[in-house]
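To keep things clear, I will list the structure first and then write my remarks on it.
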Amino acid sequence: GAAPKPKAAPQPQVSLDEGLGKLDQSIQAIDEKLAQCEQDLQKLKQEMARGGSAKSSATQKAMLVLKRKKMLEQQRANLGGTQLNLEQVQFTQQSMQTTALTVQALETAVTAQKQQMAEIDIDKVAELQDEMAT
Numbered sequence: 049g050a051a052p053k054p055k056a057a058p059q060p061q062v063s064l065d066e067g068l069g070k071l072d073q074s075i076q077a078i079d080e081k082l083a084q085c086e087q088d089l090q091k092l093k094q095e096m097a098r099g100g101s102a103k104s105s106a107t108q109k110a111m112l113v114l115k116r117k118k119m120l121e122q123q124r125a126n127l128g129g130t131q132l133n134l135e136q137v138q139f140t141q142q143s144m145q146t147t148a149l150t151v152q153a154l155e156t157a158v159t160a161q162k163q164q165m166a167e168i169d170i171d172k173v174a175e176l177q178d179e180m181a182t
């Protein structure tokens with residue numbers, strides 16, 4: 049028979065805040081690489097404008113930089129979509145926590161009101177109202 053597959057080590061739990069933080073770092077790193085691509089392209093444009101034998105080499109390098117830039121832009125877009133999804137989940141989670149806190153506060157208030165009502169002597173209130181009317 050086939051040998052049993054070794055079990056993968058369990059992945060540590062990551063909070064939404066940690067996940068969003070890592071995504072922000074990844075997006076910043078890609079943005080830095082994109083900025084570097086722009087700088088490289090500007091230098092290569094200047095080399096190509098000079099003409100001569102360096103123009104062909106600069107054109108080939110520029111094509112590679114453009115391919116790299118396009119790949120990075122795609123990665124950036126993918127991470128941006130993932131980031132949006134996580135932010136939506138985080139917002140939903142926060143809304144649920146707020147709702148749960150609101151329900152707890154209402155329960156506490158209703159319990160307090162019931163206790164206060166139990167302490168009020170209705171007959172005494174009616175008696176005081178009668179006295180005030182006369």
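When the sequence shown is numbered by our numbering, its final residue is 182 and no position is left out of the sequence of numbers. Idealized CB from N, CA, C, for every residue including glycine.
For the pair Ala83 and Glu95, the CB atoms are not nearer than the 8 Å cut-off. Buried is the label assigned to Leu92, since at least 16 other Cβ atoms lie within 10 Å of its Cβ. Looking at Ile78, Gln152, Met180 and Gln59, the one whose alpha-carbon comes closest to that of Ala125 is Ile78. Ile168 carries a coil assignment under DSSP once its states are collapsed to helix, strand and coil. In the structure shown, Val158 falls within a helical segment according to DSSP collapsed to helix, strand and coil. Going by DSSP, Lys55 is part of no alpha helix (DSSP H) at all; its letter is neither H nor E. Ser74: member of the alpha helix (DSSP H) spanning Leu64 to Arg98, first to last residue. Pairing Leu71 with Gln122 gives a Cβ-Cβ distance that is not under 8 Å. Below 8 Å, enough C-beta pairs join the region 133 to 145 and the region 60 to 69 to call them touching: three or more. With a cutoff of 8 Å on beta-carbon distance, Cys85 and Leu134 are scored as not near each other. When the beta-carbon positions are compared, Leu127 and Ile75 come within less than 8 Å of each other. For the 8 Å CB-CB criterion, Leu89 and Ala110 form a contact.
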